[in-house]
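Notes follow the structure.
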Ligand code: NAD
Ligand code: UFG
């Protein structure tokens, strides 16, 4: 398939490009680079050349078409669709910082919701009605049951970012109901961590990381003095928050598996295409810190801080629907996650080099 990948220069998008090409698909990337660096795309191409290019007798040099375009820019998208024919879109583009969304709700609703509405309109005008949307465990709010299945009802989000995901799920479901030619897959990611095993691509947060793993790696590499652990008095085995951390390469592979939903003879066609994408294992914050120190042999000093507002104690999923219907399951464990996160950070202490060379 030829896939439009919005937000393809970002963390999850870049890893997904590798898995798409490895599975024989092709892609075109649209990204406005507001939270990414085009170097990620060059590195994806380098990985592909190393992993599959050399084994190919014609020695293909991978070049992924890239459009520096905002998904709110209707003309820009029209131009893109005039030049390419797409079988499906994997829609990653969006703003994702929870805390920032509380400070700038308008910007989050405008970027994520208006952007997606423009994208959907241009897609339907060009008869491309297959979409995989990056949703999030955040739509479950404080979940009614653990492990979370897709049958759990959605809950109240604690921030505007979460609401954009919840609202966009509804938009997509309604559009599909009104026009059954649409195929809508909602992937609810749990906590993506890790990096490609080559260490060439990974998570490249701007400023102070919000998420646990990039904070740990920045402490380990000496950029920050210590990790703050937000609360050790939760009702969990060691008192720290428990999450379903998933290796980003597994998450990327889930997108390739989800493309099956678009086949007319897909066995589960009458089912709804909502999938939890996690490992099904809950690890605590301290489990992650301890695994990181043990596997990588580097210290990660930490201090216990007050709870972070909006955090829940425990969040992990039952991923069996994705296994049954898509044949997908996570293959990487906690040791792979901490090892690969560290390799990326160690090889790229400042993330991708500055400057937009495209
Ligand atoms: P990311 O910020 O690394 O990637 C998102 C990409 O979208 C960036 O490259 C950014 O430049 C681009 N972008 C943003 N707004 C755009 C616009 N208007 N037009 C064009 N490009 C735009 O984030 P990520 O971690 O790779 O996340 C990808 C998707 O997955 C996001 O939608 C995010 O909300 C969702 N998600 C992420 C997590 C997580 O923990 N990383 C968890 C659940 C869901
Ligand atoms: N944590 C710390 N210290 C830090 C950062 C995080 O102790 O410096 C703790 C948090 O309190 C929480 C756990 O580590 O207990 C995980 O926190 P993250 O910020 O890494 O992840 P969240 O589970 O809060 O949220 C993430 C994404 C959301 C997404 C959600 C579910 O940030 O966008 O996973 O996919 F919605």
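Residue numbers (my numbering): 2 to 359. Note that beta-carbon positions come from the ideal geometry of N, C-alpha and C, so glycine has one too.
Burial of residue 166 is indicated by the presence of at least 16 other C-beta atoms within 10 angstroms of its C-beta. A distance below 8 Å between beta-carbons, with the five flanking residues on each side excluded, links residue 239 to the following residues of its chain, in chain order: 233, 285, 287 and 288. Residue 332 and residue 53 have their C-alpha atoms roughly 21 Å apart. A distance below 9 Å separates the beta carbons of residue 112 and residue 73. In terms of Cα proximity to residue 188, the closest of 346, 251 and 160 is 251. Of the candidates 164, 183 and 170, the residue whose Cα lies closest to the Cα of residue 265 is 183. Cβ-Cβ distances below 6 Å link residue 200 to 344, 345 and 348 in the same chain, with the five nearest sequence neighbours on each side left out; the list follows chain order. Separation of residue 353 and residue 271 (C-alpha to C-alpha, rounded to the nearest whole angstrom) is 43 Å. Shortest gap from the CB of residue 291 to any heavy atom of the ligand UFG: 8 Å or more. Distance from the CA atom of residue 213 to the CA atom of residue 31, rounded to whole angstroms, is 28 Å.
Under the three-pair Cβ rule at 8 Å, the segment 11 to 21 counts as touching the segment 241 to 255. Relative to the ligand NAD, the beta carbon of residue 254 is positioned no closer than 8 Å to any heavy atom. Residue 29 places its beta carbon 9 Å or farther from that of residue 63. Following the DSSP letters along the chain, one finds residue 306 inside the beta strand (DSSP E) bounded by residues 303 to 306.
Here residue 203 is buried: its Cβ has 16 or more other Cβ atoms, across all protein chains shown, within 10 Å. For residue 159, the secondary structure class from DSSP, reduced to helix, strand or coil, is coil.
In this structure, the ligand UFG has no non-hydrogen atom nearer than 8 Å to the beta-carbon of residue 90.
Under the DSSP assignment, residue 253 falls in the alpha helix (DSSP H) whose first and last residues are 249 to 259. A distance below 6 Å between beta-carbons, with the five flanking residues on each side excluded, links residue 87 to the following residues of its chain, in chain order: 3, 5 and 129. In the DSSP assignment, residue 102 falls within the unbroken alpha helix (DSSP H) covering 99 to 104.
Per DSSP, reduced to three states, the secondary structure at residue 264 is coil, with no helix or strand assignment. Under DSSP, the beta-bridge partners assigned to residue 132 are 90 and 185. Residues of the same chain with a CB within less than 7 Å of the CB of residue 235, apart from the 5 flanking positions on each side, are 241, 242 and 314 in chain order.
Burial state of residue 175 is exposed, judged by a 10 Å Cβ sphere holding fewer than 16 other Cβ atoms. Residue pairing by DSSP puts residue 278 in a beta bridge opposite 190.
In terms of side-chain proximity, the C-beta atom of residue 155 is found no nearer than 8 Å to any non-hydrogen atom of the ligand UFG.
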